[in-house]
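Novice: Residue numbers (this note's numbering), protein chains in the order written: chain Y, 2 to 297; chain P, 28 to 380. Cβ atoms here follow ideal geometry from the backbone N, Cα and C, with glycine treated the same way.
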Amino acid sequence: MQTMHALETNTTIGKAHRGRIPIMIRTLGFGTFLLPLTVFMLLVFCVPLLGVARASFYTNGTWTLSAYREFVSGALFHRALINTLSIGFMTGLISVICGYFVAYHLSRMPQRKRRLYIILVMLPFWTSILVKSFAFTVLLGTNGIINQALQAISGTNVVVPMIFNRAGVIIGMAHWLIPFSVLPILSSLLSQDKALRDAAEVMGATGMQVFWKVTFPLSLPGVLASGLMASVIGMGSFVTPSLLGGRQDLMMANLVDFYVREALDWRMASAIAVVLILLALLILSTAAFVRTRLSR
Amino acid sequence: MKKVDQSRFLTSTRRQVLSGMGAGLLAAPFVLSASKAGAADPVVMVTFGGSFADVVQKVIVDPFTKETGIAVTIANGPDLAKAKAQVQTGNLEWDVLDGSGGPLLNAAAEGLFEELDTKIIKTSDLVARATPHCMPFLIYAGGIAYDPKRTMSPAKTFADLWDDQKHPGKIGLRTRVSETLELALLADGVSPANLYPLDVDRAFAALDKVKPRVAKWIDQTPQTISLLTAGEIDYSYTYNGRVATAKKEGLSVDFSTDQALLLTQYYSVLKGSKRREQAMRYIEFACRPDIQANLAKAYASVPVRPGVLETLPDDVRAVLPSPTDPKMVLVKEEFWADKFLQLDRRFKEWLLT
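1. Pick helix, strand or coil for aspartate 226 of chain P, following the three-state DSSP scheme.
2. By Cβ distance, which residues of its chain are closer than 8 angstroms to valine 53 of chain Y, with the 5 residues on each side in sequence left out?
3. Which of the residues in the segment 115-145 of chain Y, read from start to end, lie with their CB under 9 angstroms from any CB of chain P?
4. With 9 angstroms as the threshold, decide whether the Cβ of lysine 366 of chain P is near any Cβ in chain Y.
5. What residues in the segment 168-197 of chain P have a beta carbon less than 7 angstroms from any beta carbon of chain Y?
6. Determine the direct distance from the alpha carbon of glycine 128 of chain P to that of phenylalanine 164 of chain P, and round the result to whole angstroms.
7. Consult DSSP for proline 195 of chain P and reduce its assignment to one of helix, strand or coil.
8. Which of the three DSSP states is assigned to lysine 146 of chain P in this structure?
9. Relative to the alpha-carbon of threonine 92 of chain P, which residue among P:Glu360, P:Gly268, P:Ala313 and P:Pro249 has its alpha-carbon at the smallest distance?
10. In this structure, how does DSSP classify asparagine 148 of chain Y when only helix, strand and coil are distinguished?
11. In three-state DSSP terms, what is valine 217 of chain P?
12. Taking 8 angstroms as the line, does the beta carbon of tryptophan 244 of chain P fall inside it for any heavy atom of the ligand MG?
13. Express the C-alpha separation of glycine 126 of chain P and alanine 80 of chain P in angstroms, rounding to a whole number.
14. Is it a yes or a no for the segment 138-153 of chain Y touching the segment 67-87 of chain Y, going by three-plus beta-carbon pairs under 8 angstroms?
15. At a Cβ threshold of 9 angstroms, is arginine 240 of chain P touching chain Y?
16. Could you tell me whether the Cβ of glycine 129 of chain P comes closer than 9 angstroms to any Cβ of chain Y?
17. Indicate whether at least one CB of chain Y lies closer than 9 angstroms to the CB of leucine 210 of chain P.
18. Would you say glutamine 250 of chain P lies against chain Y (beta-carbon separation less than 9 angstroms)?
19. Closer than 7 angstroms by C-beta to valine 122 of chain Y: which residues in its own chain qualify, once you throw out the five before and the five after it? Chain order, please.
20. Under DSSP, the beta strand (DSSP E) around serine 263 of chain P begins and ends at which residues?
21. Who are the neighbours of serine 24 of chain P on chain Y, taking C-beta pairs under 8 angstroms?
22. Assign alanine 54 of chain P to buried or exposed, taking buried as 16 or more other Cβ atoms, counted over all protein chains shown, within 10 Å of its Cβ.
23. Are threonine 207 of chain P and alanine 364 of chain P close, meaning C-beta to C-beta below 9 angstroms?
24. Between threonine 265 of chain P and leucine 107 of chain Y, what straight-line distance do the alpha-carbon atoms span, to the nearest angstrom?
25. Quick one, are the C-beta atoms of leucine 131 of chain Y and glycine 169 of chain Y less than 9 angstroms apart?
26. Can you look up alanine 55 of chain P in the DSSP assignment and give me helix, strand or coil?
27. Is the Cβ of leucine 77 of chain Y closer than 9 angstroms to any Cβ of chain P?
28. Can the beta-carbon of serine 1 of chain Y be found less than 9 angstroms from the beta-carbon of leucine 245 of chain Y?
29. Please determine, among P:Asn118, P:Asp187 and P:Ala273, the residue with the shortest C-alpha to C-alpha distance to threonine 248 of chain P.
30. Since glutamate 94 of chain P and serine 300 of chain P should fall inside the 8 angstroms C-beta cutoff, what is the C-beta to C-beta distance between them, to a whole number of angstroms?
31. If you reduce the DSSP assignment to three classes, tell me which class tryptophan 121 of chain P lands in.
32. Would you check if the distance between the CB atom of valine 160 of chain Y and the CB atom of glutamine 193 of chain Y is smaller than 9 angstroms?
33. Under 9 angstroms, do tyrosine 268 of chain Y and alanine 56 of chain Y count as touching if we go by C-beta distance?
34. Using C-beta distances below 7 angstroms, list every residue in its chain close to serine 188 of chain Y, excluding the 5 sequence neighbours before and after it, in chain order.
35. Taking CB distances under 9 angstroms as the criterion, tell me whether threonine 265 of chain P reaches chain Y.
36. Using a Cβ cut-off of 7 angstroms, which residues of the segment 279-312 of chain P contact any Cβ in chain Y, in chain order?
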């Protein structure tokens, strides 16, 4: 009874209204409220995912590893795997670098202004990729605004290829994923105690020193989280590479799309998807490990 | 101890709620399938949305319903993966599927479609070729598009297109292996009459020659027009219908009717359709000469029944490629039926290197 009483006074809800709600929390525990969501996720996410895994082994009534054997032996899949990893990594890196500037700027704004600017940050996220690809062609193309400006400034016929190659894919993907990377960094910047920076300044640190010795190290978990999120989401995309990429920018998700919708070979599609998921899990768990090391 | 009682009360309701939810979930499929009735419901035909669906509604569906009393609903997005899922689970949303190319024939080989009922549909006497499961109802053209304002003496045949001395410029080709191999062989000088079976090695060698000039291998069809009008490419492999639409919007694009690939669009009936017979009757109706003539007038397609083209007014015939023109090639889907996957793989690997 004593512990229960302690619990009640410790929880803010208990303090707010000593009525039915704290009793429910005491008797059922907070975990209970996660149950509907857990069941939902099990039914609509985990079960179908297991179905995908099964489809990669089971075709026409027999269990076989043929899809994975094909994956291991096929040059097409190796190239796609390398592309997926390198495009995902580059996208994550660039999104984080750009996102950090945006997040830092946002974190130094008054709250009301910040709310408005966050909406602006989210805008590219709500725009259709087909429309954006058209806009990128106008901007980055050989006859695009940037190349025309470069030609006018330099007085030469210089053309910097920025689209329908790897650069185009990464620009397009980073544009889409920067909103994802801003938010975790912003939240880790906002949760920092201003007193720490004040203390550093009082001790005679310059602005740069405050940033590199206090602000940046403290924001590292947010940086890591946002970089990972951008990379992993980037690794699963296929429309942006097919619209803005060159012939060598085929990704694993493009192959999944092809085997699902055109080849109707769901065994191969599932196998590629399983490899992609395992890859994402591997990266995420490595990062979780690094993160616990960092925060120690 | 009053609290304990209360907790018991709470858990028991929770259990009740959960078991109720479980029963509901288990019952859901029956409720859903019960609402799906049989033959009296409209035939669902899945096709490509937008202006094409409007044309089909007006030219085929409305007169069909008027004559037979059979209602037809048009659905959007003929995705073969969805068709496969429907046939596999036996939970059909669609009856008739509108499709084309190697993937469709590949799907037919997977057993997704009913055999055409030759008692209802006349599968002979066609400009294109019917397969046991797929009935041609429309022929369109794939060929060279260019901007007449920018390109003064454009390449009008595939051989011209490959000639970068006379017709320099950047090219947009498709990422699909069918059509691309055909046009490469035609460019390399193979005569249309001897095109099939395709000399695959020669086709890839011909593609090697043009590879450096291809600025974009296009996956998404809208880009075949948008990259041309944005000036990123000078020549685009695209379709006559797309060019006609772009022209109507006032864009400066022309389609060469000197040489083109003729591509067939098919109707197929999904396996296990409850409205199989009505679906077959719909297909039969769509291929009647008078309906084919109306379709050609509304959509600039080539009629699938021989003799219909000749009955069309001159202004319609002027923009239509003629299947009897020896420079035209009717793409032979049978060639692709069993080679599509293997050649697509080789093409993808070729693109990556």
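Specialist: Taking the structure as given:
1. For this step, residue 226 of chain P is matched to residue 199 along the second sequence. Aspartate 226 of chain P carries a coil assignment under DSSP once its states are collapsed to helix, strand and coil.
2. Residue numbering aside, residue 53 of chain Y sits at position 52 when the first sequence is read from its first letter. Here the set comprises Ser271, Ala274 and Val275.
3. Look at the segment 115-145 of chain Y: the residues with a C-beta under 9 angstroms from a C-beta of chain P are Leu131, Ser134, Phe135, Thr138, Val139, Gly142, Thr143, Asn144 and Gly145.
4. Against the second sequence, residue 366 of chain P aligns to sequence position 339. Lysine 366 of chain P has a beta carbon lying at 9 angstroms or more from every beta carbon in chain Y.
5. Listed by position along the chain: nothing, the set is empty.
6. Locating residue 164 of chain P in the second sequence gives position 137, where the first residue counts as 1. Locating residue 128 of chain P in the second sequence gives position 101, where the first residue counts as 1. Looking at the two C-alpha atoms, the distance is approximately 13 angstroms.
7. Taking the second sequence and counting its residues from 1, the one referred to as residue 195 of chain P is at position 168. Three-state DSSP puts proline 195 of chain P in coil, outside helix and strand.
8. Within the second sequence, the letter at position 119 stands for residue 146 of chain P. Look at lysine 146 of chain P here: in three-state DSSP terms it is coil, with no helix or strand label.
9. Counted from its first residue, the second sequence places residue 92 of chain P at position 65. When each option's Cα is compared against that of threonine 92 of chain P, the closest is P:Ala313.
10. Here residue 148 of chain Y refers to the residue found at position 147 when the first sequence is read from its first residue. Three-state DSSP puts asparagine 148 of chain Y in a helix.
11. Here residue 217 of chain P corresponds to residue number 190 of the second sequence, with the count starting at 1. In the structure shown, valine 217 of chain P sits in coil (DSSP, three-state: anything other than H, G, I, E or B).
12. As far as ligands go, the structure on display features none, and thus does not contain the ligand MG.
13. As a working note, residue 80 of chain P is residue 53 in the second sequence. As a working note, residue 126 of chain P is residue 99 in the second sequence. Taken atom to atom, the span from the alpha-carbon of alanine 80 of chain P to that of glycine 126 of chain P is near 13 angstroms.
14. Judged by pairs of C-beta atoms under 8 angstroms, the segment 138-153 of chain Y does not touch the segment 67-87 of chain Y, as fewer than three such pairs exist.
15. Numbered from its first residue, the second sequence carries residue 240 of chain P at position 213. Chain Y, which has no Cβ nearer than 9 angstroms to the Cβ of arginine 240 of chain P, makes this no.
16. Counting from one through the second sequence, the residue named residue 129 of chain P turns up at place 102. It does; some Cβ of chain Y falls within 9 angstroms.
17. Taking the first residue of the second sequence as 1, we reach residue 210 of chain P at position 183. Not an interface residue.
18. Position 223 of the second sequence, counting from 1, holds the residue named residue 250 of chain P. The Cβ of glutamine 250 of chain P sits closer than 9 angstroms to at least one Cβ of chain Y.
19. Reading the first sequence from its first residue, position 121 is the one you call residue 122 of chain Y. Contacts found: Val103, Pro180 and Val183.
20. As a working mapping, residue 263 of chain P is identified with position 236 in the second sequence. For serine 263 of chain P, the enclosing beta strand (DSSP E) starts and ends at 262-266.
21. In the structure as shown, chain P starts at 28 and stops at 380, and residue 24 of chain P therefore has no counterpart that could be examined.
22. The residue given as residue 54 of chain P occupies position 27 in the second sequence. Unreliable positioning characterises alanine 54 of chain P in this predicted model, as indicated by a pLDDT of 43, which lies under 50. The coordinate reading is nonetheless provided below. By the beta-carbon neighbour count (other beta carbons within 10 angstroms, threshold 16), alanine 54 of chain P is exposed.
23. Position 180 of the second sequence holds residue 207 of chain P. Position 337 of the second sequence holds residue 364 of chain P. No, the Cβ-Cβ distance between threonine 207 of chain P and alanine 364 of chain P is not below 9 angstroms.
24. Numbered from its first residue, the second sequence carries residue 265 of chain P at position 238. Numbered from its first residue, the first sequence carries residue 107 of chain Y at position 106. Approximately 46 angstroms between the Cα atoms of the pair.
25. As a position in the first sequence, residue 131 of chain Y is number 130, starting the count at 1. As a position in the first sequence, residue 169 of chain Y is number 168, starting the count at 1. No, the Cβ-Cβ distance between leucine 131 of chain Y and glycine 169 of chain Y is not below 9 angstroms.
26. Counting from 1 along the second sequence, the entry for residue 55 of chain P is found at position 28. The predicted position of alanine 55 of chain P is uncertain, since its pLDDT is 43 and thus under 50; no value can be drawn from it.
27. The residue labelled residue 77 of chain Y in the question sits at position 76 within the first sequence. Interface residue, yes.
28. Not covered by the structure: residue 1 of chain Y. The range shown for chain Y is 2 to 297.
29. As a first step, residue 248 of chain P must be located in the second sequence, where it is residue number 221. Here the closest residue by C-alpha is P:Ala273.
30. Numbered from 1 along the second sequence, position 67 holds the residue referred to as residue 94 of chain P. Numbered from 1 along the second sequence, position 273 holds the residue referred to as residue 300 of chain P. Not confirmed; about 21 angstroms, so no contact.
31. Stepping through the second sequence from its first residue, residue 121 of chain P is reached at position 94. Three-state result, tryptophan 121 of chain P: coil.
32. Residue 160 of chain Y sits at position 159 when you count from the first residue of the first sequence. Residue 193 of chain Y sits at position 192 when you count from the first residue of the first sequence. The answer is no: Cβ separation not under 9 angstroms.
33. Here residue 268 of chain Y is taken as the residue at index 267 of the first sequence, counted from 1. Here residue 56 of chain Y is taken as the residue at index 55 of the first sequence, counted from 1. The question names tyrosine, yet the displayed sequence has arginine at residue 268 of chain Y. At the C-beta level, arginine 268 of chain Y and alanine 56 of chain Y come within 9 angstroms of one another.
34. What you label residue 188 of chain Y is simply residue 187 of the first sequence in a count that begins at 1. Here serine 188 of chain Y has Gly223 as same chain residues with Cβ atoms under 7 angstroms from its own Cβ, once five neighbours each way along the sequence are excluded.
35. Against the second sequence, residue 265 of chain P aligns to sequence position 238. Contact with chain Y is absent for threonine 265 of chain P, since none of that chain's Cβ atoms lies less than 9 angstroms from the residue's Cβ.
36. Residues of the segment 279-312 of chain P whose Cβ lies closer than 7 angstroms to any Cβ of chain Y: none.
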